[in-house]
Amino acid sequence: MSNVLTTDHPAWQTYEDSTHARAVRTASGIWTVSHDRDGLHLACADGTEDVKPKFVTTDPAHLPSAAPAALREGVAQLGVTQRLANPWLWDAITTAILRQVVRADQARKLYRTWCSTYGTTVEGPQGALAVAPTPAKVLDLADEQFADVGTKFHHTALTAAATHYELHHTDWERMDASTLAVALTRIPRIGPWTAAAAATDFTGDFSVYPHDDLAVRTWAAKILPAYAWPGKKDTGFGPLWTGWAGTDRTALHTLTLTTLTWGAHAR
149 MSNVLTTDHP AWQTYEDSTH ARAVRTASGI WTVSHDRDGL HLACADGTED
199 VKPKFVTTDP AHLPSAAPAA LREGVAQLGV TQRLANPWLW DAITTAILRQ
249 VVRADQARKL YRTWCSTYGT TVEGPQGALA VAPTPAKVLD LADEQFADVG
299 TKFHHTALTA AATHYELHHT DWERMDASTL AVALTRIPRI GPWTAAAAAT
349 DFTGDFSVYP HDDLAVRTWA AKILPAYAWP GKKDTGFGPL WTGWAGTDRT
399 ALHTLTLTTL TWGAHAR
């Protein structure tokens with residue numbers, strides 16, 4: 149089993165001994181998930197063990213051959229990697245909303261404050277870990293409570309998403325990544341980028357990720373700095389990136405996720 153974990157989600161905490169840990173909610177309870185030199189460790193902290201968290205394994209052997217050799221060689225050094233497919237669609241939607249407008253480090257801090265203040269906290273292997281507040285909890289919050297934790301800008305998107313989630317989540321959870329990404333755009337203030345990011349996080353399918361995202365562009369440029377990448381205001385990055393994979397969704401998933409994993413380790 150691979151010993152390389154993708155830690156792109158802001159819930160992952162990193163400790164001094166390089167252990168990573170987060171809490172997740174499945175359909176049956178809240179789990180703590182940790183990763184150290186001995187591998188993965190899962191424990192049910194609340195509820196039942198009926199539904200366990202699942203991981204997506206990504207093999208660099210599936211990288212698109214059309215991508216630059218140095219880029220493929222750079223990410224292939226990671227070997228086979230694992231990423232937790234977010235078992236709670238609501239958290240995936242919440243995370244994507246809180247990433248709107250702000251930088252990645254700000255979004256990470258905002259998400260953790262949001263969860264620790266209004267969510268559910270459980271004891272992890274090295275301290276407290278929190279999961280996001282439920283849709284019902286979000287709809288009960290007063291306006292000033294959003295402002296208190298820095299989510300005033302995200303207020304209307306979060307409440308609209310909570311309302312729609314309670315009505316449609318059963319259908320959404322049965323959809324594949326592409327269909328889900330389209331369905332989520334019907335929520336007010338959820339655009340294509342946010343919808344695709346949420347669908348990717350939940351399904352684990354990075355073939356629908358917003359491929360011209362700043363994180364993908366940043367890490368690709370660091371892996372292969374000599375390449376003539378499109379500029380920040382150039383719209384050519386997305387077509388270039390997806391063009392290397394063509395119609396092979398597995399290749400596109402692998403290229404995108406391994407690049408983000410490389411970035412998470414570089415950071």
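Its first residue numbered 149, the sequence shown is counted upward by one per residue in my numbering.
All residues carry an ideal CB built from backbone N, CA and C; glycine is no exception.
Here the structure is a predicted model, which means the values were calculated and not measured.
Quiz item: On the three-state DSSP scale, how would you describe W377?
Solution: Coil, per DSSP.
Quiz item: Looking only at DSSP bridge pairs, what is G195 linked to?
Solution: G177, per the DSSP bridge assignment.
Practice problem: Report the residue from T206, R247 and D291 whose alpha carbon sits nearest the alpha carbon of R337. | Solution: R247
Practice problem: Look at the alpha carbon of Y163 and the alpha carbon of S182, and state the distance between them as a whole number of angstroms. | Solution: Roughly 11 Å between the two C-alpha positions.
Practice problem: Specify the secondary structure class of R397 as computed by DSSP and reduced to three states. | Solution: helix
Quiz prompt | Euclidean distance between Cα positions of I371 and W392 | solution = Straight-line Cα distance between these residues: approximately 16 Å.
Self-check item: Proximity to A244 [Cα-Cα], best of D291, A345, Y357 and P358
Solution: A345
Self-check item: Contact under 7 Å by Cβ, L332 with A343
Solution: yes
Quiz item: When you compare only the Cα positions, how much space is there between L403 and H316?
Solution: CA-to-CA, the gap between L403 and H316 works out to about 32 Å.
Quiz item: For T402, does the three-state DSSP call read helix, strand or coil?
Solution: helix
Quiz prompt | Cβ neighbour criterion (16 or more within 10 Å) applied to D291 | solution = An exposed status is given to D291, since fewer than 16 other beta-carbon atoms sit within 10 Å of its beta-carbon.
Practice problem: Just the C-alpha distance for M149 and T242, rounded to the nearest angstrom, thanks. | Solution: Residue placement at M149 cannot be trusted, given a pLDDT of 40 that sits under 50; what the coordinates show is reported in the next sentence. C-alpha separation (whole angstroms): 31 Å.
Exercise. Go ahead and label A159 buried or exposed: buried means 16 or more other beta carbons lie within 10 angstroms of its beta carbon, across all protein chains shown.
Key: buried
Quiz prompt | Counterpart residues of R247 in DSSP-defined beta bridges | solution = None; R247 has no bridge partner.
Quiz item: alpha helix (DSSP H) containing T311: first to last residue?
Solution: H303 to W320
Practice problem: Have a look at W367 and G394 and give me their C-alpha separation to the nearest angstrom. | Solution: 21 Å
Quiz item: Exposed or buried, what is Y375 when buried is set at 16 or more other beta-carbons lying within 10 Å of its beta-carbon?
Solution: Burial call: exposed.
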